[in-house]
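Asker: To get our numbering, take the position in the sequence shown, counting from 1, and add 4. The beta-carbon is built from N, C-alpha and C at its ideal position, and this holds for glycine as well.
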Amino acid sequence: MEIKNYLHKRRGKSTLLGICPMTEEIVKAAIAEAKDTSFTPMFIATPRQVDADRGYTGWSQEDLVEFIDEVSNQYRYEGDWILARDHGGPYQSFRDRGKDEVPTSRAMEYARELFYRDVRAGFDVIHVDATEDPGVDGRLSLSEIASRTAELILSIEDYIEKKNLQAVNYEVGTEEIVGGMTDSENFEKFVKLLGRKIGSDSPIDRILFVVGQVGTTMRIDMTNDFDRSKAKELVKITSSHDTFLKVHYTDWLGDSVLSDFPEIGIGAANVGPEFAASLLEGLVKVEREETRLLEENGSEEERSNFFETLKTVAVEKAPWKKFAPSDIEGQDLEDFAENNRENIAFCVGRYVLTDPEVKGARGKLYENVRKYSRNRDIEERLIEEVKDSIHRYVTAFNLDSGS
């Protein structure tokens with residue numbers, strides 16, 4: 005699939021949907037939706053989710069590709085799908101994130117290792133995000149970010165040529181404040197700097213997306229905002245450089261807001277936490293069924309306590325503080341956690357689904373429902389729950405008209 009041609013052809017008509025492959029159910033739901041509506045799913049994997057050291061999903065790059073192929077065969081889906089790296093770069097993986105003791109040279113090498121494995125596995129789009137550096141007081145200059153981004157892109161190009169691999173497309177920039185690209189002036193300055201540092205050869209033509217900050221963010225209360233006028237400004241800039249605006253953290257925006265994305269000209273938008281929350285909502289429904297079945301059979305003592313376990317482990321181990329209000333700390337932060345355990349579980353519970361305690365409670369939940377109910381196909385019910393959430397975006401982004 006020639007992605008850039010696809011985007012040009014559908015500019016102003018549809019917006020590509022990026023789906024974080026956080027669980028097997030999400031991947032299956034995406035392929036099932038693609039089978040039903042003929043939309044082209046784009047799976048976007050962060051280093052914390054999918055990497056050689058497996059990330060929190062348990063998948064390496066090769067594992068993920070193999071699983072998507074298996075699911076496509078299972079659902080008899082013969083259409084296209086796109087595989088993209090999300091937020092790859094120095095200080096972006098479990099090996100170096102937030103670790104100021106890791107020198108920049110080592111972090112850049114880690115990034116190269118990640119990207120080289122990505123292209124060997126057949127990734128189509130590589131997001132080079134060189135905005136992080138915990139060893140720097142404050143934020144990196146735009147010039148330094150552009151230099152590191154260009155260095156990594158050119159390294160990937162050299163590796164592809166040396167190994168005779170398939171060419172890839174690129175995504176650059178970040179929605180994070182630390183990247184320093186939140187205003188239109190710096191956004192365009194970065195795009196121009198990067199173009200000069202890469203040069204006029206083919207890699208610059210294969211930059212598909214520039215990530216822009218248009219008001220979207222991640223909050224524990226699962227609310228979100230969107231700045232339409234800012235998005236239009238950034239679309240104008242990206243269009244003038246033959247690239248497309250990419251929006252991150254699109255989760256939980258309303259249908260009327262999402263339906264504006266194609267008209268504005270937004271090339272693609274990433275969604276992940278909302279789909280994971282849909283999965284968790286499905287599990288909570290299963291637990292309600294478990295409660296009813298156990299009460300009917302006088303076996304209340306066998307309860308799995310899945311959601312209570314998830315809430316406890318999420319507060320203890322998931323990175324929820326990153327998404328809490330920035331003006332609270334200390335005891336106030338502890339009070340916030342106590343008062344928002346349910347939201348924390350839905351918002352970031354995905355990070356602890358593979359925790360032994362959570363896995364054990366989930367296994368017990370399945371065991372109980374299957375023991376006392378004829379309706380045993382729990383996985384299909386969860387997939388449908390996520391699929392409904394994905395369909396909301398497919399409809400809003402005008403992808404169900406055949407992409």
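Compute the distance between the beta-carbons of Val31 and Val75, then report whether it is under 7 Å.
Answerer: Result yes, Cβ atoms of Val31 and Val75 sit closer than 7 Å.
Asker: Can you confirm whether the stretch 294–303 touches the stretch 365–380 when touching is taken to mean that 3 or more C-beta pairs between the two stretches lie within less than 8 Å?
Answerer: yes
Asker: For the stretch 14–57, which segments carrying the alpha helix (DSSP H) assignment without a break, of at least 4 residues, lie completely within its bounds, in sequence order?
Answerer: 28–41
Asker: Could you tell me the distance, in whole angstroms, from the CA atom of Asp137 to the CA atom of Pro51?
Answerer: Those two C-alpha atoms are separated by around 16 Å.
Asker: Leaving aside the five residues before and after Leu249 along the sequence, list all residues of the same chain whose C-beta is less than 6 Å from its C-beta, in chain order.
Answerer: Gly216, Leu238, Val239, Thr242, Ile270 and Gly271
Asker: Is His395 helix, strand or coil when you go by DSSP?
Answerer: helix
Asker: For a test of the three-state rule: what should DSSP assign to His12, helix, strand or coil?
Answerer: helix
Asker: Suppose the cutoff is 6 Å on Cβ atoms and the five residues either side in sequence are ignored; what does the same chain contact list for Ser407 look like?
Answerer: Its pLDDT being 46, under 50, Ser407 is placed unreliably in this model, and the coordinates cannot settle the point.
Asker: Which whole-angstrom value describes the C-beta separation of Ile163 and Val214, a residue pair presumed to lie in contact below a C-beta threshold of 8 Å?
Answerer: According to the sequence displayed, residue 163 carries Tyr and not Ile. The Cβ separation is near 23 Å, so there is no contact.
Asker: State the beta-bridge partners of Tyr174 as determined by DSSP.
Answerer: Ile130 and Ile211
Asker: In angstroms with no decimal places, state the Cα-to-Cα distance between His91 and Ile23.
Answerer: One C-alpha to the other measures close to 14 Å.
Asker: Under 7 Å, do Phe310 and Glu291 count as touching if we go by C-beta distance?
Answerer: In this structure, Glu291 lies closer than 7 Å to Phe310 by Cβ.
Asker: Use the C-beta contact count for Ile202: other C-beta atoms within 10 angstroms, 16 or more gives buried, fewer gives exposed.
Answerer: By the Cβ-count criterion, Ile202 is buried, with 16 or more other Cβ atoms from all chains shown falling within 10 Å of its own Cβ.
Asker: Reducing DSSP to helix, strand and coil, say where Arg89 ends up.
Answerer: strand
Asker: In angstroms, rounded to a whole number, what distance separates the CA positions of Glu361 and Leu11?
Answerer: 44 Å
Asker: Return the chain-ordered list of same chain residues with a C-beta closer than 8 Å to the C-beta of Gly126, the five sequence neighbours on each side being excluded.
Answerer: Val69, Leu87 and Gln170
Asker: Using 8 Å as the threshold, is the stretch 250–262 in touch with the stretch 186–205, meaning 3 or more CB pairs across them?
Answerer: The stretch 250–262, when compared against the stretch 186–205, does not touch it at the 8 Å Cβ threshold.
Asker: Tell me whether Lys250 sits in a helix, a strand or coil according to DSSP, three-state version.
Answerer: strand
Asker: From the DSSP output, which residues share a beta bridge with Val275?
Answerer: Ile23
Asker: Per DSSP, what are the beta-bridge partners of Trp63 in this structure?
Answerer: Val54
Asker: Tell me the rounded alpha-carbon separation between Val176 and Asp40.
Answerer: 32 Å
Asker: The alpha helix (DSSP H) with Gly138 in it runs from where to where?
Answerer: A small correction: the amino acid at residue 138 is Pro; Gly does not occupy that position in the sequence shown. Run containing Pro138: none; DSSP gives neither H nor E here.
Asker: In its own chain, which residues sit with a C-beta less than 6 Å from the C-beta of Gly93, not counting the 5 before and 5 after it?
Answerer: Ala115, Val132, Asp133 and Ala134
Asker: Between the C-alpha atoms of Thr19 and Val129, what's the straight-line distance to the nearest angstrom?
Answerer: 16 Å
Asker: State yes or no: is the C-beta of Lys391 within less than 7 Å of the C-beta of Glu37?
Answerer: Contact flag set, yes.
Asker: In or out: Gln335 buried (at least 16 other Cβ within 10 Å) or exposed?
Answerer: exposed
Asker: For Arg121, I'd like the list of residues in its chain whose CB is within less than 7 Å of its CB, leaving aside the five on either flank, ordered along the chain.
Answerer: Ala56 and Gln65
Asker: Rounded to the nearest angstrom, how far is the Cβ of Ala150 from that of Phe191, given a contact under 8 Å?
Answerer: Rounded, the Cβ-Cβ distance is 12 Å, inconsistent with contact.
Asker: Among Leu314, Asn344 and Lys321, which has the Cα closest to the Cα of Ala328?
Answerer: Checking every option, the nearest Cα to that of Ala328 belongs to Asn344.
Asker: Between the Cα of Glu312 and those of Ile332, Leu287 and Lys325, spot the shortest distance and give me the residue it belongs to.
Answerer: Leu287
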